[in-house]
Amino acid sequence: MEKAKVYFTDFRTKNGVSILTKLDKLVREAGIDKIDFKNKFVAIKIHFGEPGNLAFLRPNYAKVIADIVKEKGGYPFLTDCNTLYVGRRKNALEHIDAAYENGFTPFSTGCNVIIADGLKGLSETYVPVRNGELCEKAIIGKEIMEADIVISLTHFKGHEVAGFGGALKNIGMGSGSRAGKMDMHSSSGPKVKEHKCVGCGSCKKNCAHDAISIIDKKAVIDTNKCVGCGRCIGSCPFDAMTSVNNNSSEILNKKIAEYAMAVLDGRPNFHVSIVNNVSPFCDCHAENDVPIVPDIGMYASFDPVAIDVACADAVNAAPVMPNSMLSEKDQCHHDHFTDTHPTTDWRFCVDHAEKIGLGTKEYEIIEI
421 MEKAKVYFTD
431 FRTKNGVSIL
441 TKLDKLVREA
451 GIDKIDFKNK
461 FVAIKIHFGE
471 PGNLAFLRPN
481 YAKVIADIVK
491 EKGGYPFLTD
501 CNTLYVGRRK
511 NALEHIDAAY
521 ENGFTPFSTG
531 CNVIIADGLK
541 GLSETYVPVR
551 NGELCEKAII
561 GKEIMEADIV
571 ISLTHFKGHE
581 VAGFGGALKN
591 IGMGSGSRAG
601 KMDMHSSSGP
611 KVKEHKCVGC
621 GSCKKNCAHD
631 AISIIDKKAV
641 IDTNKCVGCG
651 RCIGSCPFDA
661 MTSVNNNSSE
671 ILNKKIAEYA
681 MAVLDGRPNF
691 HVSIVNNVSP
701 FCDCHAENDV
711 PIVPDIGMYA
721 SFDPVAIDVA
731 CADAVNAAPV
741 MPNSMLSEKD
751 QCHHDHFTDT
761 HPTTDWRFCV
771 DHAEKIGLGT
781 KEYEIIEI
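Going by the working numbering, the first residue of the sequence shown is number 421, and it counts up by one from there.
If you want it as structure tokens, here you go:
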């Protein structure tokens, strides 16, 4: 397979040329114009950010993409599915309110917000996974599958369970309905490192399924209630939560790849990743920590696998930010993401995505 083309531009600007102007030029050079948008419904898959988190992508980026789609005669909408955990994006009404609070209104982006799995996260469809090894079918938010074209607009950052959140996770995990997310997380789950647990209750507060109790100043997990979402792992301030088994990151990442295949297979798709504010945790948190590396730039490609690998390589080549979570970790894995979250390995996702035919890890950078 020949190398995929991944287009890149940095964040440097000069008088009269803004970052948004550079993004517009980037995606056009990458070939977004080659897609036939005329009279097509276009899902722009994005993460709106949990209110309180300030690392999420500004809505200005979304407007650039939406304006191009409209210019070409398409009908864009911003979309995401509801979450499993405590927060303000677990049903469509709160989710839209959160999106608007973070600036994703029709007035600022030029298009509407549609929560793809409906009011309570129950609007879903079962989609066959071509070449799937773990999932025969994926459970996807219905409105995403109703779209004619899918564009991922991704904030590239770290993730406490997957290693990083890139295009594949944005599409795969993000497009899963609540049931789909539970399916992807079903092989994973947390366990308590009792010698580190102080019984602070942060994990209990962040569990949406009442699966955690504090007994004798230690967290106790009810495995019959736990859905394996990993929220408690990220919320624990004492690093007292870890994955229940050694292969949970592998299985989760492979399922993410297969869900992404279900969403993209047979439809035009295009991918944009913004590598800034590379926080150690997902934008699902209501806070964001210091970025682990300096801002790098913007990427665009027709290949979701190649763009993830290109972004990961760029982050791993970047210096560690002082006073970040990564700076406090042992640099022993030769990988910034695994050093940040030692139980994770993001390569499982891209390796599996390449194996099932979603794209290639081999890429060439074309700098704009």
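For every residue, glycine included, the Cβ atom is placed at its ideal position computed from N, Cα and C.
Applying the criterion that 16 or more other CB atoms from any shown protein chain within 10 Å of the CB defines a buried residue, is Arg651 buried or exposed?
-> Residue numbering aside, residue 651 sits at position 231 when the sequence shown is read from its first letter. Counting Cβ neighbours within 10 Å, Arg651 comes out buried, since at least 16 surround it.
Per-residue DSSP class, three states only, for Ser669 | Taking the sequence shown and counting its residues from 1, one reaches residue 669 at position 249. DSSP places Ser669 in helix when its eight states are reduced to three.
With distances taken Cα to Cα, identify the nearest neighbour of Ala475 among Gly592, Ala734, Ala706 and Val484.
-> As a first step, residue 475 must be located in the sequence shown, where it is residue number 55. Nearest of Gly592, Ala734, Ala706 and Val484 to Ala475, Cα basis: Ala706.
Which residues in the same chain have their Cβ closer than 6 Å to the Cβ of Ile535, if we skip the five residues on either side of it in sequence?
-> Position 115 of the sequence shown, counting from 1, holds the residue named residue 535. So the qualifying residues of the chain are Ala512 and His515.
Answer yes if the region 591-609 comes into contact with the region 487-507, meaning at least three C-beta pairs across the two stretches below 8 Å, and no otherwise.
-> yes
Report the partner residues of Glu784 according to the DSSP bridge assignment.
-> Here residue 784 corresponds to residue number 364 of the sequence shown, with the count starting at 1. Note: Glu784 sits in a beta bridge opposite Lys425.
Three or more beta-carbon pairs under 8 Å between the region 548-557 and the region 569-589, yes or no?
-> no
Work out the CA separation of Ile712 and Leu746 for me, nearest whole Å.
-> Taking the first residue of the sequence shown as position 1, residue 746 is located at position 326. Taking the first residue of the sequence shown as position 1, residue 712 is located at position 292. If you take the alpha carbons of Leu746 and Ile712, they lie about 6 Å apart.
Lys492 vs Phe457 beta-carbon contact at 7 Å = Within the sequence shown, residue 492 is the residue found at index 72, counting from 1. Within the sequence shown, residue 457 is the residue found at index 37, counting from 1. Going by C-beta atoms, Lys492 is nearer than 7 Å to Phe457.
Looking at Ile676 and Leu588, is the spacing between their C-beta atoms short of 7 Å?
-> Against the sequence shown, residue 588 aligns to sequence position 168. Against the sequence shown, residue 676 aligns to sequence position 256. Taking 7 Å as the Cβ cut-off, Leu588 and Ile676 qualify as a contacting pair.
Under the three-state reduction of DSSP, which class applies to Pro792: helix, strand or coil?
-> Only positions 421 to 788 of the chain appear in this structure, which leaves residue 792 out of reach.
State the DSSP-derived secondary structure class of Asn502, mapped to helix, strand or coil.
-> Reading the sequence shown from its first residue, position 82 is the one you call residue 502. The answer is coil: DSSP assigns Asn502 none of H, G, I, E or B.
What number of angstroms, rounded off, separates the C-alpha of Cys623 from the C-alpha of Asp709?
-> Residue 623 sits at position 203 when you count from the first residue of the sequence shown. Residue 709 sits at position 289 when you count from the first residue of the sequence shown. Their backbone Cα atoms lie some 18 Å apart in a straight line.
Proximity winner among Gly619, Cys731, Pro657 and Thr780, relative to Gly578 (alpha-carbon distances) = Within the sequence shown, the letter at position 158 stands for residue 578. For the residues Gly619, Cys731, Pro657 and Thr780, the minimum Cα distance to Gly578 belongs to Cys731.
Would you kindly work out how many angstroms separate the C-alpha atoms of Ile716 and Asn644, rounded to a whole number?
-> Locating residue 716 in the sequence shown gives position 296, where the first residue counts as 1. Locating residue 644 in the sequence shown gives position 224, where the first residue counts as 1. Spanning the two alpha carbons is a distance of roughly 43 Å.
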